[in-house]
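According to our numbering, the sequence shown is numbered sequentially starting from 9. Positions of the beta carbon are idealized from the N, C-alpha and C atoms, including for glycine. Okay, structure first, notes after.
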Amino acid sequence: MVSPQVTNLVIILGMMQVSKKIPFDDPQVLMGVRGLYIVSNLLILAVSLYIQMKINSKKDLTTLKYVEPAPMGSSEEPKLITTTIHSYDLLQLRGVLKSQLMGVGMMCVMHLYFKYTNPLLIQSIIPLKGAFEGNLAKIHLLGQPAIGDLKRPWKAAGGFMGMGGSNDPKADKKSIEQAERAGSGGVKEE
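What follows is the structure in structure tokens.
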């Protein structure tokens, strides 16, 4: 199976070639691309709201304990997080929506202030693709079981081309017991 980062790169390179042939000078074409971008973001919002509805309807109150690693370069200790699957999923969804909103804000600045039009096309596809490839969508939309890579807590999204990931939360018994003994346990997230 091809990784999402590779398919994103292929889409970006392909859309860059396609966007060179699109006459963005034509006001109707420009409005069409803007419309595509808006529809794409409304679709992402609709999918996110549907996922939120599914999370709230399941209301899985199973306890989830994991150790949140300290930020890189920080002298803080890793902290133990005790939450529920329901709260964890809602927190992850909030992060997805915040990220999407930041992307829309950046796109508005790039398009409205700097007059870039080509990224509108790419940003109409990549975030929409990402919305359906996320763990929340796989579990709550596509009905995949939360096992393997979908077992909570999820690994942090890697940096460039999936590298990084050393700052992933740990849910193994040894890490949890170690955090409890260190006195950083009991942080309850609602």
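query: Rounded C-beta distance between ALA187 and LEU88? I'm assuming under 8 Å.
result: 4 Å
Ranges of the alpha helix (DSSP H) found wholly within the stretch 89-145, counting only runs of at least 4: 93-116, 126-130, 134-141
- prompt: So, are the CB atoms of LEU136 and MET115 less than 9 Å apart?
  reply: no
Pick from TYR124, ILE30, ILE59, SER82 that is closest to LEU150, judged by C-alpha positions: ILE59
- request: Following the continuous alpha helix (DSSP H) through VAL26, name the residue where it begins and the one where it ends.
  value: 12-28
message: So, for SER27: in the same chain, excluding its five sequence neighbours on each side, which residues have a beta-carbon less than 6 Å away from its beta-carbon?
response: ASN126, LEU129
task: Can you give me the Cβ contacts of MET169 inside the same chain, cut-off strictly under 6 Å, excluding the 5 residues immediately before and after it?
output: The predicted position of MET169 is uncertain, since its pLDDT is 46 and thus under 50; a value taken from the coordinates is nonetheless stated next. Taken in chain order, the residues that qualify are GLN13.
- prompt: Using CA coordinates, which residue listed in LYS67, SER56, VAL75 is at the minimum distance from ASP180?
  reply: VAL75
message: Within the continuous alpha helix (DSSP H) that includes LYS73, where are the two ends?
response: LYS73 -> not in any alpha helix (DSSP H); beta strand (DSSP E) instead, spanning 71-76.
- prompt: Helix, strand or coil: which one does DSSP assign to LYS159?
  reply: coil
message: I'd like to confirm the pairing. Which residues does DSSP put opposite LYS87 in its beta bridges?
response: GLU76
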